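A quick write-up on the structure given underneath.
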Amino acid sequence: MTLRRPESPFRRLGGESGLSEAKSRDPFFRQRRKGRSTTLGATVGRRAFLAHAAAVAASVTIVPFAAHATPEALAAAIKEVTGGKPLREGKVTLDLPPLVENGNTVPLSVKVDSPMTADDHIKAIHVFNEKNPQPHVFNAWLSPANGRAFIATRIKLADAQKVVAIAETGKGEFWTAHAEVIVTIAACIEDIT
Amino acid sequence: MANVLVNAPKTAKKGEIVEIKALIMHVMETGYRPGTNGRIIPRNIIGDFTATWNGREIFRMKMSPAIAANPFVSFAAIASESGTIAFRWSGDEGFVAEHQVSITVT
Amino acid sequence: MTGLRLAAVLLAVFAASFALAQGDPRRSGYREMGPALQKMQDDDAANPAMLFVQAGAAAWAEKAAAGKSCADCHGDATASMKGVAARYPAFSAEAGKPIDLEGRINLCRTTHQQAEALAPESDGLLALSAYVALQSRGQPIAPPDDARLSNLRAEGAELYKRRQGQLNLSCANCHDDHAGRKLAGATIPQGHPTGYPIYRLEWQALGSLKRRLRNCVIGMRAEPWSYDAADYLALESFLMQRAKGMAMDAPGVRP
Numbered sequence: 000m001t002l003r004r005p006e007s008p009f010r011r012l013g014g015e016s017g018l019s020e021a022k023s024r025d026p027f028f029r030q031r032r033k034g035r036s037t038t039l040g041a042t043v044g045r046r047a048f049l050a051h052a053a054a055v056a057a058s059v060t061i062v063p064f065a066a067h068a069t070p071e072a073l074a075a076a077i078k079e080v081t082g083g084k085p086l087r088e089g090k091v092t093l094d095l096p097p098l099v100e101n102g103n104t105v106p107l108s109v110k111v112d113s114p115m116t117a118d119d120h121i122k123a124i125h126v127f128n129e130k131n132p133q134p135h136v137f138n139a140w141l142s143p144a145n146g147r148a149f150i151a152t153r154i155k156l157a158d159a160q161k162v163v164a165i166a167e168t169g170k171g172e173f174w175t176a177h178a179e180v181i182v183t184i185a186a187c188i189e190d191i192t
Numbered sequence: 000m001a002n003v004l005v006n007a008p009k010t011a012k013k014g015e016i017v018e019i020k021a022l023i024m025h026v027m028e029t030g031y032r033p034g035t036n037g038r039i040i041p042r043n044i045i046g047d048f049t050a051t052w053n054g055r056e057i058f059r060m061k062m063s064p065a066i067a068a069n070p071f072v073s074f075a076a077i078a079s080e081s082g083t084i085a086f087r088w089s090g091d092e093g094f095v096a097e098h099q100v101s102i103t104v105t
Numbered sequence: 000m001t002g003l004r005l006a007a008v009l010l011a012v013f014a015a016s017f018a019l020a021q022g023d024p025r026r027s028g029y030r031e032m033g034p035a036l037q038k039m040q041d042d043d044a045a046n047p048a049m050l051f052v053q054a055g056a057a058a059w060a061e062k063a064a065a066g067k068s069c070a071d072c073h074g075d076a077t078a079s080m081k082g083v084a085a086r087y088p089a090f091s092a093e094a095g096k097p098i099d100l101e102g103r104i105n106l107c108r109t110t111h112q113q114a115e116a117l118a119p120e121s122d123g124l125l126a127l128s129a130y131v132a133l134q135s136r137g138q139p140i141a142p143p144d145d146a147r148l149s150n151l152r153a154e155g156a157e158l159y160k161r162r163q164g165q166l167n168l169s170c171a172n173c174h175d176d177h178a179g180r181k182l183a184g185a186t187i188p189q190g191h192p193t194g195y196p197i198y199r200l201e202w203q204a205l206g207s208l209k210r211r212l213r214n215c216v217i218g219m220r221a222e223p224w225s226y227d228a229a230d231y232l233a234l235e236s237f238l239m240q241r242a243k244g245m246a247m248d249a250p251g252v253r254p
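In the order they appear, the protein sequences are chains Z, C and S.
The first sequence: position 116 = 115 (numbering that gives the first Met the number 0), numbered continuously.
The second sequence: position 32 = 31 (numbering that gives the first Met the number 0), numbered continuously.
The third sequence: position 154 = 153 (numbering that gives the first Met the number 0), numbered continuously.
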């Protein structure tokens, strides 16, 4: 069986199975699934089905479209807000789903333990990530007028990675928390073309 | 006018901490994705979001391309006085959206 | 709420969930999502689909060039459109054939508003269908008991079981035989159309059931049909029949 399909500009197909060619609308990258040739039988039994499923699930390689942010870029971005002052673990609660169902929209919230008074409050909350093309996610500025040091938003994550939240107090101290998230790949997506 | 959905209580007790949620329709195009022609789709994001209570800033956020499409932001504020809470989003390609809600503080 | 009424409500809720646990093995795709996405769908201040609903509510009240708005004929949608989305596709005497909800909206535009039909998957059509579908939230899916739909449903059932595409898979292979299992990290849902139109995170936008089906067809490595193909209507009719009695949860959020 030979079937013509539009060729992905990013890869050549190996084998006759087109299953692995799914293109993604991933926010930062085109993903590529390494072609594993699967022989297509006339009937799809349970084992064959599982083989197909495995072909979709297996060997997912992420092809960076642009350069990754690196651990060094992350460190540099953090240094920009802290000015090199020490970061202490604690006070910050960073909430992200441990298993992300789609990296396009990932609910995130940051809560900081603070009385939010004139003398003792959180002035800013910064969030960074390790593997999107750039380390910045957002910076938010707060004041005692907020009553509670809290922010919730939704972010994009291109890949399984570390997310870091930093809280800056009115006195210029820095507290931090981080989370490791796993980003799963969507199935049955459409072609970009 | 951009499509905006803001959720804040219409009334609150003085000193009460209220939660405010703001959603806005926007593509948040990252500037890292190739389009169908293989060329990069230019970045088009909201970069700044601010909220003011009777003119005083209560929240400000700088967004990057890593904020999801149709940005959602939620934060807290102390109900200080009756008046208006105003929101402003601005970004690439001259994008500006403004929205206000009124709140009665008793 | 009085204690007695509260008790009655709790009892009803308990009875409903008990019935669910006991008898009906059908599960909405909502139940395959993690708590974070369920919360996103449940909170109207956070569900991104509500941006489209808001646009739909505005469009509902907007006068067409010929003078009439949807509201001029249908009044308050919260009353007149309650349960409507739950019983489409339906046979339209006006069109002389079965149509789905989008088809019905466009029929009103072309015949009652002397306006142009809205394009498939256009923001305008999605917004109106989201607004109409919202009015059926919590309502049981109620496909019409209408013999004129039988052929279409049978066609849909046949399509659902037919192996197609380079992978030689049928819809049933995934949604009946392997529902609940993982495929590339995604849980295969049973494929019930309870939440349409949905805000799909993969699309970063609202989309119709047709678009969702199209994605599955592409996933099967079959040639996707064009948006006006009768195959979609047949599948939609079959899927609604298959989900009969399940509660609508539109506009849904799906990964």
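Backbone N, C-alpha and C fix where the C-beta goes; we use that ideal spot for every residue, glycine too.
Computed from a prediction, not measured in an experiment: that's the story for all the values here.
Listed as beta-bridge partners of C/F58 by DSSP are C/A50. C/Q99 counts as exposed, since fewer than 16 other C-beta atoms from the protein chains shown sit within 10 angstroms of its C-beta. Not flagged as an interface residue toward chain S: C/M62, since no C-beta distance is shorter than 8 Å. Inclusion of C/F94 and C/A21 in the CB contact set at 8 Å is not warranted, their separation being larger than that value. Chain order gives no chain S residues near C/K9, where near means a beta carbon separation below 9 Å; the closest approach is about 14 Å. In the displayed model, C/H98 falls within a strand according to three-state DSSP. From the listed residues Z/A144, Z/V126, Z/A75 and Z/E100, the smallest Cα separation to Z/A159 is found for Z/E100. Within the model, the alpha-carbon separation for S/L166 versus C/S63 is close to 40 Å.
Interface with chain S (8 Å Cβ-Cβ cutoff): Z/I188 is included. DSSP places S/Y159 in the helix class (H, G or I) of the three-state scheme. Residue pairing for Z/E88: DSSP places it in a beta bridge opposite Z/T175.
Taking every protein chain shown into account, the CB of Z/P85 has fewer than 16 other CB atoms within 10 angstroms, so this residue is exposed. Counting only the Cα atoms, S/I104 lies some 11 Å from S/A114. In the structure shown, the three-state DSSP call for S/Y130 is helix.
For S/K38, the enclosing alpha helix (DSSP H) has its first and last residue at P34 to D41. Sequence-distant partners of C/K61 (beyond 5 residues in either direction) whose C-beta falls short of 7 Å from its own C-beta, in its chain, are G46 and D47. Taking C-beta atoms under 8 Å as the contact rule, S/R161 and S/S149 fail to qualify, at a distance of about 18 Å. Closest by C-alpha distance to S/N172, out of S/Q53, S/Q203, S/M219 and S/A242, is S/M219. The shortest CA-to-CA distance from S/H191 to any of S/A204, S/F237 and S/W202 is the one to S/F237.
The beta carbon of S/A44 sits closer than 7 Å to no other beta carbon from its chain once the five residues preceding and following it are set aside.
For the options S/P143, S/R213 and S/T193, the alpha carbon positioned closest to that of S/M245 is the one of S/T193.
The shortest CA-to-CA distance from C/T105 to any of C/T83, C/E92, C/A1 and C/T10 is the one to C/T10. Taking 8 Å as the threshold, the shortest C-beta distance from S/A45 to chain C falls below it. The Cβ atoms of Z/V91 and Z/A176 lie closer than 8 Å to each other. For S/Y231, the uninterrupted alpha helix (DSSP H) segment begins and ends at A229 to R241.
By alpha-carbon distance to Z/I188, the top candidate from S/L182, S/C215 and S/S207 is S/C215. Taking a 10 Å sphere around the C-beta of Z/T116, we find fewer than 16 other C-beta atoms and assign the residue as exposed.
Between the beta-carbon of S/M39 and that of S/V252 there is about 5 Å, and that keeps the pair under the 8 Å contact cut. In the three-state reduction of the DSSP assignment, S/E154 falls in the helix class. Contacts with chain C (Cβ-Cβ distance below 7 Å) from the segment 112 to 139 of chain Z involve N128, N131, P132, Q133, H135, V136, F137, N138 and A139, listed in chain order. Comparing alpha-carbon positions, the option among Z/K170, Z/R147 and Z/V182 lying closest to Z/D119 turns out to be Z/K170. Here the C-alpha atom of S/R147 lies approximately 29 Å from the C-alpha atom of S/A221.
Using a Cβ-Cβ distance cut-off of 8 Å, the segment 73 to 88 of chain C and the segment 149 to 159 of chain Z are in contact, since at least three pairs of beta carbons, one from each stretch, lie closer than that value. Contact annotation for C/A68 against chain S: Q203 [CB-CB distance below 7 Å, chain order].
DSSP places C/E92 in the helix class (H, G or I) of the three-state scheme.
Among the residues facing chain C, Z/I154 is included, as its CB has a counterpart in that chain under 8 Å away.
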